[in-house]
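Working notes, beginning with the structure itself.
In my numbering, the protein residues as written are 1 to 221.
Below is the structure:
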């Protein structure tokens, strides 16, 4: 991925609202997320993935463990760490393919953080601020702006088959079909985002809800 320094734009309050994730979904019953944890990761025995029209959730009996520095490659399943097993199941990938510890550690620390329009902390965060925070922490790419501004900063990808980890995926969920939501692509059609209903979570681009509102993807050059 090429890096590019983002620019901070001053825009009218009305334009901010147009790019806000607060407009992205019909009213849903909010679910109480688990509190985010620092320095620890939750690993799941007997993990199950519950799917619905809005996204995927991981459920099951949990245990806590600390992680060290995970290997950059895994030659056999015996070498894999617990966090790799967890996210391999969430992404439906071979455990040997889940090797970006920095990325998944970041996701774990923010998992379940509630949505809050304009928020940028673990007390509440919106979709664009989550993307900007992750890109800076994991990829050292400085971005700024709401979902519409981010859409105007990326090099557009013509096909979903071109998506790579770290690319941005966009959705137009409001009535006027303007860009109103953004997430970060992981692998195998999964993306991580700050959902207005369930907070920070991983969802599947193939689910009917996201297929309906998918508006394109782009890469930061």
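Just so you know, even glycine gets a beta-carbon here, dropped at the ideal spot from N, CA and C.
So residue i is in the alpha helix (DSSP H); what residue range does that whole segment cover?
i	result
residue 201	Per DSSP, residue 201 belongs to no alpha helix (DSSP H); it is in the beta strand (DSSP E), 199-204.
residue 157	Note, residue 157: premise wrong, no alpha helix (DSSP H); beta strand (DSSP E) at 155-157.
residue 88	82-91
residue 148	147-151
residue 131	127-139
Tell me which residue opens and which closes the beta strand (DSSP E) that residue i is part of.
i	result
residue 211	Looking at the DSSP string, residue 211 is not in any beta strand (DSSP E); the run it does join, the alpha helix (DSSP H), is 208-213.
residue 103	Segment 101-110 is the alpha helix (DSSP H) holding residue 103; no beta strand (DSSP E) there.
residue 115	It is not in any beta strand (DSSP E) - residue 115 carries neither H nor E in the DSSP assignment.
residue 168	168-171
residue 144	Where residue 144 is concerned, there is no enclosing beta strand (DSSP E), given that its DSSP letter is neither H nor E.
residue 190	190-195
residue 98	It is not in any beta strand (DSSP E) - residue 98 carries neither H nor E in the DSSP assignment.
residue 220	Element bounds for residue 220: n/a, residue is neither H nor E.
residue 184	181-185
Output yes or no for whether 7 Å exceeds the beta carbon distance between residue i and residue j.
i	j	result
residue 128	residue 200	no
residue 125	residue 142	no
residue 106	residue 194	no
residue 83	residue 104	yes
residue 213	residue 173	yes
residue 221	residue 137	no
residue 88	residue 98	yes
In or out: residue i buried (at least 16 other Cβ within 10 Å) or exposed?
i	result
residue 123	exposed
residue 140	exposed
residue 146	buried
residue 158	exposed
residue 203	buried
residue 86	buried
residue 217	buried
residue 108	buried
residue 27	Low per-residue confidence applies at residue 27: pLDDT is 42, beneath 50, and the placement is therefore not dependable, though the value from the model is reported in the following sentence. Residue 27 comes out exposed.
residue 3	Its pLDDT being 45, under 50, residue 3 is placed unreliably by the model, and the measurement read from it follows with that caveat. It is exposed - the Cβ of residue 3 has fewer than 16 other Cβ atoms within 10 Å.
residue 81	buried
residue 40	Its pLDDT being 43, under 50, residue 40 is placed unreliably in this model, and the value from its coordinates should be taken loosely. So residue 40 ends up on the exposed side.
residue 62	Since pLDDT at residue 62 reaches only 32, below the 50 mark, its modelled position is unreliable, and the value read off the structure follows with that caveat. Flag for residue 62 reads exposed.
residue 192	buried
residue 206	exposed
residue 110	buried
residue 152	exposed
Mind checking whether the beta-carbon of residue i lies closer than 6 Å to any heavy atom of the ligand ZN?
i	result
residue 151	Of ligands this structure carries none, so the ligand ZN is not represented either.
(message) Across the region 88-99 and the region 177-192, are there enough close Cβ pairs to call them in contact, namely three or more that are closer than 8 Å?
(response) Enough Cβ pairs lie closer than 8 Å, so yes.
(message) I want to know whether the region 109-119 touches the region 163-172 - three or more CB-CB distances under 8 Å.
(response) Cβ pair count under 8 Å is below three, so no.
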